[in-house]
Amino acid sequence: MGLFLLLACSMHAQSPYLKINAVPPTQLKQGQSFKLITSVAHNFAEEKTGGITCSFLNATTQKSVDGWFMNVFPFQYFTTIANTPFETEFSFTVPDEYKGKFEIILVAEANKIKDSIRFVVPVINK
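For the sequence shown, position 95 matches number 84 in my numbering, and the numbering has no gaps at all.
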């Protein structure tokens, strides 16, 4: 029984993970540009190649507004280094005539392990 518990704990502690961290804006103005600094933490022991995607949805309609937000580099590759977070940024601009809220969706995947995170950001008039 003791050996089984040791193996179970050992397997759980070794589970690979991928975790996205970002600090989104609390609100943005129409026409405002923003750089979303994003990091991907992991515990991979070996070098792995992955990708991170940033996309935008209208929070009300749930339709894509990527083109409106001038999301120039929506997908970026990264190579992991053992226990070292990868950091990148996604620059975008809120359209001058955009009204309401939008969602920022970040998805990272490496070695068939995936993490995602969503933020809702209100847009205020100029």
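No residue lacks a Cβ here, since even glycine has one placed at the ideal position from N, Cα and C.
Distance, Cα to Cα, residue i vs residue j?
{"i": "residue 104", "j": "residue 77", "result": "16 Å"}
{"i": "residue 83", "j": "residue 92", "result": "12 Å"}
{"i": "residue -1", "j": "residue 36", "result": "Its pLDDT being 40, under 50, residue -1 is placed unreliably by the model, and the measurement read from it follows with that caveat. For residue -1 and residue 36, the distance between alpha carbons rounds to 22 Å."}
{"i": "residue 41", "j": "residue 62", "result": "10 Å"}
{"i": "residue 86", "j": "residue 72", "result": "43 Å"}
{"i": "residue 95", "j": "residue 34", "result": "24 Å"}
{"i": "residue 4", "j": "residue 99", "result": "14 Å"}
{"i": "residue 110", "j": "residue 65", "result": "22 Å"}
{"i": "residue 112", "j": "residue 49", "result": "13 Å"}
{"i": "residue 10", "j": "residue 27", "result": "6 Å"}
{"i": "residue 52", "j": "residue 59", "result": "16 Å"}
{"i": "residue 114", "j": "residue 12", "result": "22 Å"}
{"i": "residue 75", "j": "residue 106", "result": "16 Å"}
{"i": "residue 202", "j": "residue 32", "result": "Examination of residue 202 is not possible in this model, given that the chain is present from -10 through 115 alone."}
{"i": "residue 89", "j": "residue 14", "result": "15 Å"}
{"i": "residue 19", "j": "residue 81", "result": "12 Å"}
{"i": "residue 97", "j": "residue 79", "result": "13 Å"}
Pull up the DSSP beta-bridge partners for residue i, would you.
{"i": "residue 111", "result": "90"}
{"i": "residue 30", "result": "8"}
{"i": "residue 103", "result": "98"}
{"i": "residue 40", "result": "66, 98"}
{"i": "residue 77", "result": "27"}
With burial defined as no fewer than 16 other Cβ atoms inside 10 Å of the residue's Cβ, what is the status of residue i: buried or exposed?
{"i": "residue 38", "result": "exposed"}
{"i": "residue 68", "result": "exposed"}
{"i": "residue 29", "result": "buried"}
Rounded to the nearest angstrom, how far is the Cβ of residue i from that of residue j, given a contact under 8 Å?
{"i": "residue 43", "j": "residue 25", "result": "7 Å"}
{"i": "residue 7", "j": "residue 70", "result": "Not confirmed; about 14 Å, so no contact."}
Could you give the uninterrupted runs of the beta strand (DSSP E) lying entirely in the region 43 to 72, keeping only those of 3 residues or more? 64 to 68
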